[in-house]
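Asker: Right, I'll just put the structure down here and ask away after.
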Amino acid sequence: MMEKAIRTPLPSGGLGWTAIDQREIDAVTGLLKTPQKLFRYDEGEKRQCDLLERELCEKTGASHALFVASGTAALSCCLSAYEIGPGDEVIVPAYTYIATAAAVCDVGAVPVIAEIDYSLGLDPADVEKKLTPYTKAIIVVHMQGVPARLDAIRAVAVRHGLVLIEDCCQAIGATYHGDFCGVHSHAFAWSTNYYKVLTSGEGGVFFVRDDDAFQRGLYQSDSGMTMWKTSIESVLKVAPFSRSGVRGNEIAAAIMRVQLTKLDEILKKTRGLKKLLLSKLNAPAHYSMQYVDDPEGDCGFSVTFIANSREECKKMNAMLLEEGLALGSVYDTGFPDRHIYANWDSILNKNGATPLNYPWNDPAYKGDVSYSKDMCPQTLDILSRSLRFAINLNMTERNMLEVAEAINKVDAAM
Ligand SMILES: Cc1ncc(COP(=O)(O)O)c(C=O)c1O
């Protein structure tokens, strides 16, 4: 019997959570020893959230950062920051976690779904086609740590005077032309949930450029913002409004402060492994690689192979399994992946929280967006031909060499 290409079992593991060690444990227990300091706002004294926010700005180059309860909450802050709400349409990609579209609904605006291309991020040409007189913003999403086609999408936003928001929930640390993804757009969001590059269990960060927009995001995050004796140093000059309660918590912030110090090390590892794997691949015959607009900025934990046809994808997948490599296609009608618009039933059915079904039936909304499961055929076609390999922190160079060997062997044998 022929030897399998994968001879060394691929270790399980993840990113941020796999990097957790005594330092996070000490940060949490240290904080619990002073329970009177568990609230994030204090008069004068800097709390964990305040310190984290300063460290986040220093690390990313962003003007303002606010630690909140989740990535979804951070996206709502980004939208509210620029007064996006009832009557407005916001373009989101057909391939992203449902939360991107949900945040748009959360502020009362209507999500408009646009195709992705071989970057697995927004297709700038389709964004252009989806614009209406009601379009106010574009949310570009950097899926799986890979920067989307930011220059081309920014050009559309600039040409039409739209707000550009970057959903970096899956791409903490990704860069574009050398700068952190997000810093050159109006606002951007991170998620620090369990699955992400850095984790605090749950959490998110709202980053924004302008002072007034930051204040609007603050109000969005905490219904009683102006009533706290906050240690936030800005003078609140924008008229306050009350909305949700998604402020960050001190324990999560304490964990995140440690995690942030590990970002460079985590990405050095994933980027190094991905580069090695790519360098060992032969010129492909039956697939192409995901297009990566800025390979240097890629977080490096995801490698996507796009087969030439759906049939070849199935065959490649089955043959890789025989070599000991279980990839699984990204889009498979048998598995309702919430990262694909066709599975966002609550959005496609225009279900609101009440029988009025806002935001779609909001009288302020004059557009007529329509959705269907097959509305983005290009996206479904690309995703149904995509096989993804996820790199984790427990993997080694040997694993990469064997994965490359498996891919080369199968591609040559197909
Ligand atoms: C692309 C994207 N956007 C938004 C979110 C929402 O983040 P959270 O789960 O922290 O609310 C996620 C989380 O999985 C995501 O992957």
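The sequence shown finishes on residue 413 if you use numbering that gives the first Met the number 0, and the numbering steps up by one all the way, no holes.
Where is the CB? At the ideal position from N, CA and C, for every residue including glycine.
1) Does at least one heavy atom of ligand 1 sit under 7 Å from the Cβ of Ala-100?
2) Does DSSP put Arg-242 in a helix, in a strand, or in coil?
3) Put Thr-174 into one of helix, strand or coil per three-state DSSP.
4) So, with DSSP's three-state summary, where would you put Lys-349?
5) Please confirm whether any heavy atom of ligand 1 lies closer than 7 Å to the CB of Tyr-94.
6) Out of Cys-76, Gln-35 and Glu-54, which has the shortest C-alpha to C-alpha gap to Val-207?
7) Looking at Ile-171: is its Cβ nearer than 8 Å to the Cβ of Ile-152?
8) Starting from Glu-416, follow the beta strand (DSSP E) in both directions and report where the run begins and ends.
9) Buried or exposed: where does His-185 fall if 16 or more other Cβ atoms within 10 Å of its Cβ makes it buried?
10) On a CA-only basis, which of Ser-190, Met-142, Tyr-286 and Asp-122 is nearest Ala-154? Give me that one, please.
11) What is the DSSP secondary structure of Ile-152, reduced to helix, strand or coil?
12) From Ala-100, Leu-379, Ala-156 and Arg-39, pick the residue whose C-alpha is nearest to that of Val-245; which is it?
13) I'd like the list of long-range same chain contacts for Gly-12, defined as Cβ closer than 7 Å, with 5 residues on each side in sequence excluded.
14) Which two residues bound the contiguous alpha helix (DSSP H) that contains Pro-92?
15) Can you give me the C-alpha to C-alpha distance between Val-257 and Arg-309, rounded to a whole angstrom?
16) Exposed or buried, what is Ser-278 when buried is set at 16 or more other beta-carbons lying within 10 Å of its beta-carbon?
17) With a 10 Å radius around its C-beta and 16 neighbouring C-beta atoms as the bar for buried, classify Gly-60 as buried or exposed.
18) In chain order, what residues of the same chain lie with their CB nearer than 6 Å to the CB of Gly-70, ignoring the 5 residues before and after it?
19) I'd like to confirm something about Thr-7: is its beta-carbon nearer than 7 Å to some heavy atom of ligand 1, or not?
20) Apply the 10 Å Cβ neighbour rule to Lys-372 and answer buried if 16 or more other Cβ atoms are within range, or exposed otherwise.
21) Got a sec? Which residues, its chain only, sit under 7 Å from His-285 by beta carbon, not counting five neighbours each side?
22) Determine whether the beta carbon atoms of Glu-88 and Tyr-117 lie at a separation below 8 Å.
23) For Ala-147 and Ala-26, what's the separation of their Cα atoms in angstroms?
24) Can you give me the C-alpha to C-alpha distance between Pro-376 and Lys-313, rounded to a whole angstrom?
25) Under 8 Å Cβ to Cβ from Ser-230, same chain only, skipping five residues before and after it: list those, please.
26) Restricting to runs no shorter than 3 residues, where is the beta strand (DSSP E) found entirely within the segment 297-332?
27) I'd like to know whether the C-beta atoms of Met-255 and Leu-51 end up nearer to each other than 8 Å.
Answerer: On the basis of the supplied data:
1) The answer is no for Ala-100.
2) When DSSP states are grouped into helix, strand and coil, Arg-242 belongs to the coil group.
3) Correct three-state label for Thr-174: strand.
4) coil
5) no
6) Val-207 has its Cα closest to that of Cys-76, out of Cys-76, Gln-35 and Glu-54.
7) no
8) Any property of residue 416 remains undetermined from this structure, which presents the chain solely from 0 to 413.
9) Around the beta carbon of His-185, a 10 Å sphere encloses 16 or more other beta carbons of the protein chains shown; the residue is thus reported as buried.
10) Asp-122
11) helix
12) Arg-39
13) Asn-391, Leu-392 and Asn-393
14) Where Pro-92 is concerned, there is no enclosing alpha helix (DSSP H), although the beta strand (DSSP E) it sits in stretches over 88-92.
15) 44 Å
16) exposed
17) exposed
18) Cys-168, Ala-188, Ser-190 and Gly-203
19) no
20) exposed
21) In its chain, beyond the 5 residues on either side, Ala-306, Asn-307, Glu-311, Met-315, Asp-410 and Met-413 have a beta carbon closer than 7 Å to the beta carbon of His-285.
22) no
23) 35 Å
24) Near 19 Å, if we compare the C-alpha coordinates of Lys-313 and Pro-376.
25) At Ser-230, the pLDDT of 48 sits below 50, so the modelled position is not reliable; the number obtained from the coordinates is stated separately. Within the same chain, Ser-230 has close Cβ partners Tyr-40, Asp-41, Glu-42, Gly-43, Glu-44, Lys-45, Arg-46 and Asp-49.
26) 301-306
27) yes
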